[in-house]
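Residue numbering for the sequence shown follows our numbering, starting at 324 and increasing by one per position.
Only one structure is covered here, and it is reproduced in the block below.
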Amino acid sequence: MCGIVGYLGNKEAFPILIKGLHRLEYRGYDSAGVALLNASGELNVYKTKGKVKNLEDYCKGKDISGTVGIAHTRWATHGEPNDVNAHPHYSQSENLALIHNGIIENYATLKELLIREGYTFKSETDTEVFVQVIEYVKKKFNLDLYGAVNRALTYVIGAYAIGIIEKNNPNILIAARKGSPLIVGIGKDEFFLGSDASPIVEFTKNVIYIGDEEVVKIERGQQVVINNLKDEIITPEVSQLELDLSEIEKGGFPHFMLKEIFEQPKSLGMCMNGRVSFDELEIKLRGITDNIDRFRKARRILITACGTSWHAGLIGKYLFEEFCHIPVSIEVASEFRYRKPVIYSDDILIPISQSGETADTLAAMDLARQNGAFIYGICNVVGSSIARGTDSGTYTHAGPEIGVASTKAFTTQVTVLIMMALAIGKELGTINHEKYHEIVKELINIPSKIKLILDKAPEIENISKVFTYAKNFLYLGRGYNYPVALEGALKLKEISYIHAEGYPAAEMKHGPIALIDEEMPIVVVAPKLDLYDKIVSNVQEVKARKGRIIAIVTEGDIEVSKVADYCIEVPDTEECLTPILTSIPLQLLSYYVATVKGKNVDQPRNLAKSVTVE
Ligand code: M6R
């Protein structure tokens, strides 16, 4: 939800900021803007509707000089995406320019107060109110920019990561965060600001992850100064980025989404690295070993997440109940956080998140913490808010996921859940030894089995061409593959804009069967498992109503293949591991349907990668 980037140093800021915006564009892409302080002390703001490319075109022929600047790529919250509502926003005097990621909840009240003080507004945004508040307190209390930002932050309620610069003050860049991510990069005589490390990594690996409710003063030739909203000085902690530039580039693929789908054998390998012992056929998860007593005494496991991560969590429920015999309840974070749920101090909450910044998941986590639950996170982005807010956890190590549609994040989340369930089950004695070793052995083979499915990409592309006419799709699955059906449907709808619903296959006859006719494509996830015979019956029911069936089946399948119009085979594996394999053809199917329809799969309309607002 909005990407922010900033630069203060001895180089020209514009190219660095534009490159940074391109890297952050996955966070929002409805408008973009830049503010630059030139050598004469002028503060120039350029902004325009549309993508970063439009901004670049718009800036041609303009004064883009300056060694300090801030820039923004937007996902609209307050006010439609247009030139005026785009960031940066000037203050009334045009002495200040601000970029903001987040939402100021009390902006309407503040706006009224400022209007009474004679302030006028050009945009409909909460961000313009924010910058005016800073200017107002700056004048009223005769403060410098740092003091004014600190003071203004006591007036605003909401979430923010901001960067602000001031006319005639080329040596200072102030930033602050509450709820939205913010990183400062420290180079040689230069500083960078970013919503994440992607705009920074090319220039320096030394970064400071800014904590919640912290304000940063970046001053030319000085050390970074940080204080919190209680006015306490915070000692900056410099971390080393482990990110590699190639990880955030397309590497020859036409889209990040396709690159990330094809990266899955590697990302699963990284996820298992050091955790799955190939020789001993053992799982070693430090977070579990260190906290095994918590799991032993757990009354319940609560899982909370959003979107794709929630689908992974649903698979977690099957896993923990089967292998650990711990009752699991799972809920989408936006419901959980407002439902007044009963949470016990001997509950374990598992928040799952790729970005580690999802506002609802963070809030659900806070609620569980207030009630004394132990928080064990599953997260991809190292140093993210969710990762930092947990008691313990396991990183997925999928590497940066830039395509808005989650792919490798999902399969690595499921892999972490499998490793956790096996590790806990073994410690608790709730999983049979032989079964444990069989699953571990099979887990090790999963990356090479994914490769075999990826080889079928051309076949899947051909199937997808048949179905681009469709207005609706139904996805059906049972057991471990019911969440896969939900995930397949989400993938298709978010990037191709075709309506798709996922359903437990047997539930179909309680309503959705009414939709089936000769036009309707039905994707059935039907690997050969315990419930195979039952799903064969479900497939027959669909066929009897003339539905067009695309089935995901196990190699050598006979029954479903007789009935389905198209079959995509996946290698045989342990039941609990099938979601990792069956989800791959569904990712490819949605990717090809969307690209054949000419959609922008990496940046689908209305979406953003990291949902930092509720
Ligand atoms: O970063 P998170 O995993 O917390 O994000 C949760 C959802 O916003 C995310 O999975 C979303 O549903 C994706 N666009 C799905 O592809």
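Yeah, the Cβ is synthetic: ideal placement off N, Cα and C, and Gly gets one too.
This one's a predicted model, so the numbers in the text were calculated from it and none came from an experiment.
The Cβ-Cβ distance between Ser-678 and Ser-933 falls below 7 Å. Counting only residues of its own chain and dropping the five nearest sequence neighbours on each side, Ile-624 has a CB closer than 7 Å to the CB of Phe-643, Ile-649, Val-651, Ile-671 and Ile-673.
For Thr-681, the shortest separation between its Cβ and any heavy atom of ligand 1 lies below 6 Å.
In this structure, Cys-325 has its CB at a distance of at least 6 Å from all heavy atoms of ligand 1. In this structure, the CA atom of Lys-589 is about 53 Å from the CA atom of Ser-416. Out of Glu-878, Leu-852, Asp-856 and Val-886, the CA that lies nearest to the CA of Ala-867 is found in Val-886.
Only residues of its own chain outside the window of five on either side were considered, and among them Gly-364 have a CB closer than 7 Å to the CB of Asn-491, listed in chain order. Look at the beta carbons and you see the region 776-792 not touching the region 823-835: under three pairs across the two are nearer than 8 Å. With fewer than 16 other Cβ atoms from the protein chains shown falling within 10 Å of its own Cβ, His-756 counts as exposed. Under DSSP, Ser-562 shares a beta bridge with Val-530. The Cβ-Cβ distance between Leu-340 and Gly-392 falls below 7 Å. The alpha-carbon of Glu-724 is positioned some 45 Å away from that of Lys-463. Taking the CA atoms as reference points, Gly-481 sits about 14 Å from Leu-552. Look at Gln-677: its beta carbon is less than 6 Å from one of the heavy atoms in ligand 1. Look at the beta carbons and you see the region 739-753 touching the region 602-610: at least three pairs across the two are nearer than 8 Å. It is roughly 42 Å from the alpha-carbon of Leu-797 to the alpha-carbon of Tyr-430. Contact between the region 341-355 and the region 507-526 is present: 3 or more CB-CB pairs across the two stretches fall below 8 Å.
In this structure the region 610-627 lies against the region 652-667, because at least three pairs of beta carbons, one per stretch, are closer than 8 Å. Look at Val-454 here: in three-state DSSP terms it is helix. Between Val-507 and Tyr-478, the C-beta spacing is not below 7 Å.
In this structure, the beta-carbon distance from Ile-327 to His-395 falls below 7 Å. If you draw a straight line from the Cα of Lys-372 to the Cα of Ser-521, it is about 23 Å long. Of the candidates Leu-852, Val-916, Thr-935 and Ala-409, Thr-935 places its Cα closest to the Cα of Ile-709. At least one heavy atom of ligand 1 sits closer than 6 Å to the Cβ of Gly-630. Per the DSSP secondary-structure output, Arg-871 pairs in a beta bridge with Pro-844. In this structure, ligand 1 has no non-hydrogen atom nearer than 6 Å to the beta-carbon of Ser-416. With a cutoff of 7 Å on beta-carbon distance, Ile-497 and Lys-540 are scored as near each other. For Glu-892, the number of other beta carbons within 10 angstroms of its own is at least 16, and it is reported as buried.
With contacts defined as CB atoms closer than 7 Å, Leu-331 and Ala-355 fail to qualify as a contacting pair. Between the region 549-566 and the region 522-539, the count of C-beta pairs closer than 8 Å reaches three or more; the two stretches touch. Relative to Asp-616, the option among Glu-750, Leu-775, Val-375 and Arg-439 whose CA is nearest is Glu-750. CA-to-CA, the gap between Glu-458 and His-410 works out to about 17 Å.
The Cβ atoms of Val-846 and Ile-873 lie closer than 7 Å to each other. In the DSSP assignment, Asn-473 falls within the alpha helix (DSSP H) that extends over 468-475.
With a cutoff of 6 Å, Ala-728 counts as near ligand 1, since its C-beta is closer than that to a heavy atom of the ligand. Comparing alpha carbon positions, the residue from Lys-511, Gly-575 and Ile-881 closest to Val-547 is Lys-511.
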